[in-house]
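Note sheet for the following structure.
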Amino acid sequence: MSVLTIRNDLSALELKGKVLRKHGSAILFEPSISQGSSSDFSEYSSRANILAKHSIMHIKPDDTVFLDGGEVSQCVASSLPPLTNLSIWTNNLMILDVLRKNRYAYPIQVTGSALSMEKQRFSLSNHQGLPNSLIINKAFICCSSYAGNTFFLSEDEDLATIEAVCRQAEKIYVILDSHFLDIQGKLPFPYKRYLAKIQEVLIDDGIGRYRASLLFSRQDPLIICGPDYTYRNVRKHQYRIGFLVNKDRNYFVQSVHNSLLEATSACKYVSLVIRECDGDYASAVQALNLLLQESVDLVIDYSLCMESLMYIGEKCLSHNIRLISVDYMAPGSIYFGADNACAGRIAGEQASHYINEHWNSSVDHLLVLGKFGYEPITKLRISSALEHLQKNVSRLPETIHTIEWGHPDINPTQALVKLLKQTPNEEPMLILAFNLRHLLASYELILQYRESTNTIIVGHNYTKQIEELMKIGHSPILGCVHYNPEAYGQNIMDLALRLLDGGTVQQRNYTTLTWIARKSNS
Numbered sequence: 001m002s003v004l005t006i007r008n009d010l011s012a013l014e015l016k017g018k019v020l021r022k023h024g025s026a027i028l029f030e031p032s033i034s035q036g037s038s039s040d041f042s043e044y045s046s047r048a049n050i051l052a053k054h055s056i057m058h059i060k061p062d063d064t065v066f067l068d069g070g071e072v073s074q075c076v077a078s079s080l081p082p083l084t085n086l087s088i089w090t091n092n093l094m095i096l097d098v099l100r101k102n103r104y105a106y107p108i109q110v111t112g113s114a115l116s117m118e119k120q121r122f123s124l125s126n127h128q129g130l131p132n133s134l135i136i137n138k139a140f141i142c143c144s145s146y147a148g149n150t151f152f153l154s155e156d157e158d159l160a161t162i163e164a165v166c167r168q169a170e171k172i173y174v175i176l177d178s179h180f181l182d183i184q185g186k187l188p189f190p191y192k193r194y195l196a197k198i199q200e201v202l203i204d205d206g207i208g209r210y211r212a213s214l215l216f217s218r219q220d221p222l223i224i225c226g227p228d229y230t231y232r233n234v235r236k237h238q239y240r241i242g243f244l245v246n247k248d249r250n251y252f253v254q255s256v257h258n259s260l261l262e263a264t265s266a267c268k269y270v271s272l273v274i275r276e277c278d279g280d281y282a283s284a285v286q287a288l289n290l291l292l293q294e295s296v297d298l299v300i301d302y303s304l305c306m307e308s309l310m311y312i313g314e315k316c317l318s319h320n321i322r323l324i325s326v327d328y329m330a331p332g333s334i335y336f337g338a339d340n341a342c343a344g345r346i347a348g349e350q351a352s353h354y355i356n357e358h359w360n361s362s363v364d365h366l367l368v369l370g371k372f373g374y375e376p377i378t379k380l381r382i383s384s385a386l387e388h389l390q391k392n393v394s395r396l397p398e399t400i401h402t403i404e405w406g407h408p409d410i411n412p413t414q415a416l417v418k419l420l421k422q423t424p425n426e427e428p429m430l431i432l433a434f435n436l437r438h439l440l441a442s443y444e445l446i447l448q449y450r451e452s453t454n455t456i457i458v459g460h461n462y463t464k465q466i467e468e469l470m471k472i473g474h475s476p477i478l479g480c481v482h483y484n485p486e487a488y489g490q491n492i493m494d495l496a497l498r499l500l501d502g503g504t505v506q507q508r509n510y511t512t513l514t515w516i517a518r519k520s521n522s
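Spelled out as structure tokens, the structure:
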């Protein structure tokens, strides 16, 4: 093999992001940052997947969570990215193994009474139980069966541990497989003792609403979960709200979804029907029509589908159903979401301040990381940021570089490597990033090819993962605009209840925008 062939092969591998070439040498490049869960969900049953996807919606960064050894808990563990920033407690070795394989980077604690793995008990000596100071925000308890208004645990479960966890849990989620209804178990779960803490009883759609009403007590907060829908069973509801939501499981969508579930659970007279869509016109329209068949009183549209906005607005108007649009505004709706021009301006202000203070008000290169075919919201944020930069920075580059994920003809990794290699390291570069996935896909390549003193990344859609990246070494991430998705649900529910009660609300309602900055490395 000739030297020229080797060089050509290395060049091709470098463009693919597989190797790094510096100073005449080449090394394998293996990113340490996961862009999401790499778990193979096919190893779990379809029912476990359905229940796990709904369970995950209740988990948010900084939570302390207990996962037992049930299949749904294992499925939840397998979906957690390494930088989720959760403190996890478990009494099961399978959970530990799943998290280890995923390179989970945050504290994992085991309960001090017993561990179980595939029906083999591993008792720990000198156990002291759970620390008295421990607060478990959310405990997920997988029951093995249900019969005669009694929930049963698996025979090899340690009841003392489960009871200790429930005593110190703020919120409990009971999970049940519909295949194991009317089956008498041997280890009853003391459900009624902890009823005040139980937020939901999650069951898959192997059971219909009518049968559920016969089998379960009225006081049970039953949630029936399907592949693309969820039904909150409230016997004597005053209002029925339909929630049309995008299936995307990114941090922001999940946080909004979770916050709405939390806000709804506090309204004992509201029944919530959730229909998920893929974010395209056909899927959004189909999901909306299914919601309308449920005789809902109000629709919350979080489909994130620009193409379907006209249809959704007109359809709700023709059915005399009130509509709240989230982030994308449909005709005739009440809007709740971001003030996108303001969000772009905040990013521009922060970048301008840094450039003027550290780079003598001059930037040589400007790069935008985003999705192919920027939709209007992203375009507005970009234009607003650039407008502020143009007014406040003395010199900006004439050309704006873009790296786009989903481009039909251009590989984003190859395009990024090529751009970074041809850009002189000493020339200042400003990078605008609009999506966590794109930032994670680019971050370590940027670190390898750029000096942090001459590079800043300004982010949108703050997440805990981005905050963790800002803490590592001399991070080029200057900071991130935070849209406060955790508060969306309560704000939306307040608007919904005012509308349903005949009150008046403003046409446009905005979330609180803040700037989360990295800590100074100086």
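First residue of the sequence shown: 1, per the UniProt record's numbering; consecutive thereafter.
Cβ atoms here follow ideal geometry from the backbone N, Cα and C, with glycine treated the same way.
- Looking at the DSSP output, residue 150 bridges to 147.
- Contact annotation, residue 191 with residue 140: C-beta distance approximately 14 Å; criterion of less than 8 Å not satisfied.
- If the five residues before and after residue 154 are omitted, its C-beta is found closer than 6 Å to the C-beta atoms of 144, all from its own chain and listed in chain order.
- Judged by their CB atoms, residue 296 and residue 273 are nearer to each other than the 9 Å cut-off.
- Residue state for residue 329 is assigned as coil, using DSSP reduced to three classes.
- For residue 334, the enclosing beta strand (DSSP E) has its first and last residue at 334-337.
- In this structure, DSSP gives residue 228 a state outside helix and strand, which the three-state scheme calls coil.
- Contact annotation: residue 87 and residue 111 have beta-carbon atoms that are not nearer than 9 Å.
- In chain order, 352, 355 and 361 place their CB closer than 6 Å to the CB of residue 393, counting only its own chain and leaving out the 5 sequence neighbours on each side.
- Bounds of the beta strand (DSSP E) holding residue 66 are 64-67.
- Contact annotation: residue 395 and residue 347 have beta-carbon atoms that are not nearer than 9 Å.
- Boundaries cannot be given for residue 372, as no beta strand (DSSP E) includes it and DSSP labels it neither H nor E.
- Minimum Cα-Cα distance from residue 245 among the listed residues 265, 224, 284 and 259 corresponds to 284.
- If you check the CB distance, residue 436 and residue 461 come in under 9 Å.
- By the neighbour-count definition (other C-beta atoms within 10 Å, threshold 16), residue 135 is an exposed residue.
- Burial is judged here by how many other beta carbons sit within 10 angstroms of a residue's own beta carbon; residue 164 has at least 16 and is buried.
- For residue 471, the enclosing alpha helix (DSSP H) has its first and last residue at 464-471.
- In this chain, residue 318 is not harboured by any beta strand (DSSP E); it is covered by the alpha helix (DSSP H) spanning 309-318.
- Taking the C-beta atoms as reference points, residue 59 is found no nearer than 9 Å to residue 72.
- Scanning 322, 448, 375 and 349 for the CA closest to the CA of residue 503 turns up 322.
- For residue 61, the closest alpha carbon among the candidates 468, 501 and 231 is that of 468.
- Excluding sequence positions up to five before and after residue 103, its CB lies within less than 6 Å of the CB of 82, all in the same chain and listed in chain order.
- Residue range 488-500 is occupied by the alpha helix (DSSP H) that includes residue 497, with no beta strand (DSSP E) assigned at that position.
- Looking at the backbone, the Cα of residue 257 and that of residue 250 are separated by about 11 Å.
- The Cβ atoms of residue 294 and residue 287 lie no closer than 9 Å to each other.
- Residue 480 is a Cβ neighbour of residue 458, given a cutoff of 9 Å.
- Inter-residue distance for residue 101 and residue 80 is about 11 Å (C-alpha atoms, whole angstroms).
- Under the three-state reduction of DSSP output, residue 421 falls in the helix class.
- In this structure, 320 is the residue among 413, 516 and 320 with its C-alpha nearest to the C-alpha of residue 499.
- Contiguous beta strand (DSSP E) elements confined to the region 256-290 occur at 270-277, taking only those with 3 or more residues.
- Secondary structure of residue 57 (DSSP, three-state): coil.
- The distance from the Cβ of residue 337 to that of residue 384 is about 15 Å, inconsistent with a contact at the 8 Å cut-off.
- DSSP places residue 202 in the strand class (E or B) of the three-state scheme.
- Between the alpha carbons of residue 54 and residue 84 lies a distance of about 17 Å.
- If you check the CB distance, residue 442 and residue 477 do not come in under 9 Å.
- In the DSSP annotation of this structure, residue 176 is not part of any alpha helix (DSSP H); the continuous beta strand (DSSP E) holding it starts and ends at 169-176.
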